[in-house]
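Each remark here refers to the structure printed beneath this line.
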Amino acid sequence: MWISSAALLAMLPSVFAIPLVEAPYPGLDVTLSQVEDTRIKAVVKNVGTEDVTFVHINFFKDTAPVQKVALYQHDDSEIVFEGVEKLFQSSGLTEDVLTSLGPGEAYEDEFDVASTSNLSDGGRVTLHSEGRVPTVENGTITGSIPFNSNKLVIDVDGTKASEVAAAMKAKHQKRTAMECCPSSEKHFFLKAALENAARLASQAADAAEWGPEARFQEYFRTADSETRRVVAARFRAAAAEASSTTSGQTHYFCYDIDELCTFNILAWAQKTTNTIANCNLYYAFLHPTAIKCHGQDQASTSLHELMHVPGVFKPGAKDLAYGYKAVTALSPADALNNADTYALFANAVHNDC
Ligand SMILES: [Zn+2]
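Per mature numbering (1 follows the signal peptide of the UniProt record, and there is no 0): the sequence shown = residues -17 to -1, 1 to 336.
This is the structure:
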């Protein structure tokens, strides 16, 4: 992996224990409709009977190029998402990234799906959104609630769509050319984090393949031998990638090359360019290594990001759930495809949780 780095900030205590309490809840209903061309409106409504507060990072209302809907071609194959996946802190969350809705209340968001996927082939595209969004009390993630949308079918004009996509791509390619770390201190901490991530990933690979069945089942929701082999292979690929700072497929920047770091964001990944970037909060909020079970730290955060990158292992993992409680409630198929599942499993192996 190629790394570049930047300034050390004060090391504050990591606070990533997630005391998740999940009550039965109907969740959020999302209604997707077409505004014009590839511009989409989403109405997000609380269909439950209780007030709810959730993180809208990587969700409707986030103004960054995040994935709000999955896109499918006529043959049901998923169209590649070319935007970013952001990882955020699990406590100390500020009001600007939180949305509160009373029963029956709703909000709207508009976005252009051509800005985060190549739709230049045009034709019929189906949009759908489902998953779980983290719920918050007093600035700390305490659980998650499901969201689900209608399936919206649109006819895409490939020429118009390619004009939108081209604008995003040109900007990103220009920025990724800046590969140097302006801070020796950030460089130092990132280099150490990657060494630790390599160690965590190697331990996790062994545990996935040969370790106790109960722990593997706890995180990956199955003890199937083929699943254990695939998980071990992904960890070994991440270990190899993290153990070299001068070669590999990933461009790992020690600082925010694309101005995507806002308050609460630790790091982000962009799959199509195999790029990862740390935010200042990565250095300010996280300890170098985890000091408790299920905690966030620099090493496992970098490991989480490496799991997203298809240059490390295909397909790059998604963000389907964050934190221990939500992660261990996923289906086996979703667990295998969820970045935080790997980070938390590696943490559990290392700390013997
Ligand atoms: Zn992620």
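We treat Cβ as the ideally placed atom computed from N, Cα and C, and that holds for glycine.
Since this is a predicted model, take the numbers as computed values, not measurements.
Where do the N-terminal and C-terminal ends of the beta strand (DSSP E) with TYR235 fall, by residue? 234 to 236
Are there any heavy atoms of ligand 1 lying less than 8 Å away from the beta-carbon of LEU319, as far as the coordinates show? no
Is the Cβ-Cβ distance between ASN29 and PRO117 less than 9 Å? no
Per DSSP, the bridge partner or partners of PHE37: THR82, THR118
Spatial neighbours of LYS154 within its chain, please: CB distance less than 6 Å, with the 5 preceding and 5 following residues excluded, ordered by chain position. Bear in mind that a pLDDT of 42 at LYS154, under 50, signals an unreliable position, so the number given afterwards is only what the model happens to contain. Contacts found: none.
Start and end of the alpha helix (DSSP H) containing LEU102? Segment: none, LEU102 is in no alpha helix (DSSP H) and carries neither H nor E.
CB of ALA221 to nearest heavy atom of ligand 1: below 8 Å? no
Please classify TRP193 as buried or exposed, where buried requires at least 16 other C-beta atoms within 10 Å of its C-beta. exposed
Rounded to the nearest angstrom, how far is the Cβ of VAL63 from that of SER100, given a contact under 8 Å? 6 Å
Write down every uninterrupted run of the beta strand (DSSP E) in the region 200 to 263 whose length is 3 residues or greater and which is fully enclosed by it, in chain order. 234 to 236, 248 to 253, 258 to 261
Cβ atoms of THR284 and TYR265: under 9 Å apart, would you say? yes
Going by alpha carbons, who is nearest to THR21 out of LEU110, GLU168, ALA252, ALA331? LEU110
Compute the minimum distance between the beta carbon of ASP280 and the heavy atoms of ligand 1, and state whether it is under 8 Å. no
Measuring only the C-alpha atoms, how far is GLU19 from LEU249? 34 Å
C-alpha distance - LYS143 paired with THR272, whole-angstrom precision: 47 Å
Does ligand 1 have even one heavy atom less than 8 Å from the beta-carbon of LYS69? yes
Any contact between the region 233 to 241 and the region 299 to 315? By contact I mean 3 or more CB pairs, one from each, below 8 Å. no
In whole angstroms, what is the alpha-carbon distance linking ASP95 and ALA25? 11 Å
Euclidean distance between Cα positions of ALA188 and ILE137: 43 Å
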